[in-house]
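Reviewing the structure listed below.
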Amino acid sequence: MQATPEQDKAALSDSSERDFTVVVHLGKEPGSFSSTSLDVSLDPAHGASLIVAPPGIELGFDTTVGKIETVVNARGEVAALKYRCRASSRKMVLTIYSDEVAPLLDHIAFSLDVPLFVRSITWFDEKNSVLSASFVPPFKTVAPHGEGFFDLELRPLYSLYREAITSGSVFYQFLCYAKILEGVFRWYLPKLREEAKQRGVPSPYLRTRVEPHEELGAENQKWVGCGVEKVFNDYLQGQFRDAIAHFALESGEPLVTSSYLASGAVANNLLLARNCARMATTELGLLVRNMKSATQSSESRER
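Residue 1 is where the sequence shown starts when you use full-length UniProt numbering, and the numbers rise one by one after that.
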């Protein structure tokens, strides 16, 4: 029998403590799915890893959350971790994963000296029969567009941007976008202004502001219309960049990068950082070209 909308709403808002079955699907590379294999299920055999289980031996771990079972796929690879827990919400399920299961994965990766990727986390609410999952969506396809030329002077920025969008780590992505913004405001612009002063042309200023975006989170909407440099200096750097770049700040604890909640906080601000980096780099490219044009015009007049 199909549930009514009221029953669906009640199931999703249920705050009672109840049993969940959780499957952590593993992978051999970053990311979750290809564009043709978006499949969310509790079937643990869909995963894969670089860890090959010894034949005939069952691997499992006794933890504070209970027994964690390892599941092997048809190729003999450890494909997933499976366990049950009691929780009262989605957030609590993911907190248990962050506090109890992620450290186990971290230790396995360290002790075996092997990369261990999580493709997705799937959990089943046994009381309400609701299946939920957390995963990285596949990349979208695009058609070529825009200008066919660029300035080699901006190579460091373009390389950082490509490094960011191909990384599976939200922390590393954010750090790359922050380095782009550092480069624009604290390296390129001062050099351009010094060059403008020497050549007697107007000093360049970057006036880019954060633009509206349909996927920008509610917390980030307040920055729409603000200058990109202000957003970087007043928010992105102090709240996130510094914590990611250093082992621990004087005012806080070390950042645990395998924590789902910590990565979620960074991921919620990743689009803002990415858009700021894109807009700042794009306008900087225009300033560089304008400087070259002004210099060429000045040299032509001198001749």
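Backbone N, C-alpha and C define an ideal beta-carbon position, used for all residues, glycine too.
Cβ-Cβ distance between P202 and L192 below 8 Å: Not closer than 8 Å, so no.
Sheet register partners of E17 (DSSP bridge): Looking at the DSSP assignment, E17 forms no beta bridge with any residue, so it has no partner.
Delimiting residues of the beta strand (DSSP E) encompassing Y188: Y188 -> no beta strand (DSSP E), and no H or E assigned at all.
Are V184 and A280 closer than 8 Å when you measure CB to CB? Yes.
Beta-carbon gap between G168 and F117 smaller than 8 Å: Going by C-beta atoms, G168 is nearer than 8 Å to F117.
Pair every Cβ in the region 118 to 130 with every Cβ in the region 59 to 79, then say whether three or more of these pairs are closer than 8 Å. no
Just mark A10 as buried or exposed, buried being the case when its beta carbon has 16 or more other beta carbons within 10 Å. exposed
Going by the beta-carbon positions, is the gap between L270 and Q198 smaller than 8 Å? no
Three-state secondary structure assigned by DSSP to K140: coil
Under 8 Å, do A79 and A48 count as touching if we go by C-beta distance? yes
How is the beta strand (DSSP E) around T95 delimited, first residue to last? That residue, T95, is in no beta strand (DSSP E); its alpha helix (DSSP H) goes R90 to I96.
Could you check which residue in I96, E69, V288 and H46 has the C-alpha nearest to that of Y188? V288
Let me check understanding here. Comparing Cα to Cα, which of I51, A133, E6 and C85 lies closest to D43? A133
Find the nearest neighbour of S259 within the set L112, A245 and D99, judged by alpha-carbon distance. With respect to the C-alpha of S259, the residue from L112, A245 and D99 having the closest C-alpha is D99.
Less than 8 Å separating the beta-carbons of L206 and E283? yes
Under a three-way DSSP split, which group does H25 fall into? strand
Reduced DSSP category for L50 - H, G, I as helix; E, B as strand; rest coil: coil
Between which two residues does the alpha helix (DSSP H) holding F150 run? Taken as a continuous stretch (DSSP letters only), F150 belongs to no alpha helix (DSSP H), as it is neither H nor E.
Please state if the CB of S88 and the CB of E17 are separated by a distance shorter than 8 Å. yes
Exposed unless 16 or more other CB atoms sit within 10 angstroms - verdict on D125: Buried is the call here.
Taking just the CA atoms, how far does K82 sit from I68? Here the alpha carbons of K82 and I68 stand approximately 6 Å from one another.
CA-to-CA distance, Q7 to F20, given in whole angstroms: Rounded to the nearest angstrom, the gap between the Cα atoms of F20 and Q7 is 19 Å.
Quickly, what does DSSP pair K230 with across the bridge? List them, please. K230 is not bridged to any residue.
Looking at V231 and C276, is the spacing between their C-beta atoms short of 8 Å? yes
So F247 is in the alpha helix (DSSP H); what residue range does that whole segment cover? No alpha helix (DSSP H) holds F247; DSSP gives it neither H nor E.
Under a Cβ-count criterion, where at least 16 other Cβ atoms within 10 Å of its own Cβ denotes burial, should F247 be classed as buried or exposed? By the 10 Å Cβ count, F247 comes out exposed.
Nearest candidate by alpha-carbon position, reference A265, set S251, V210 and G217: G217
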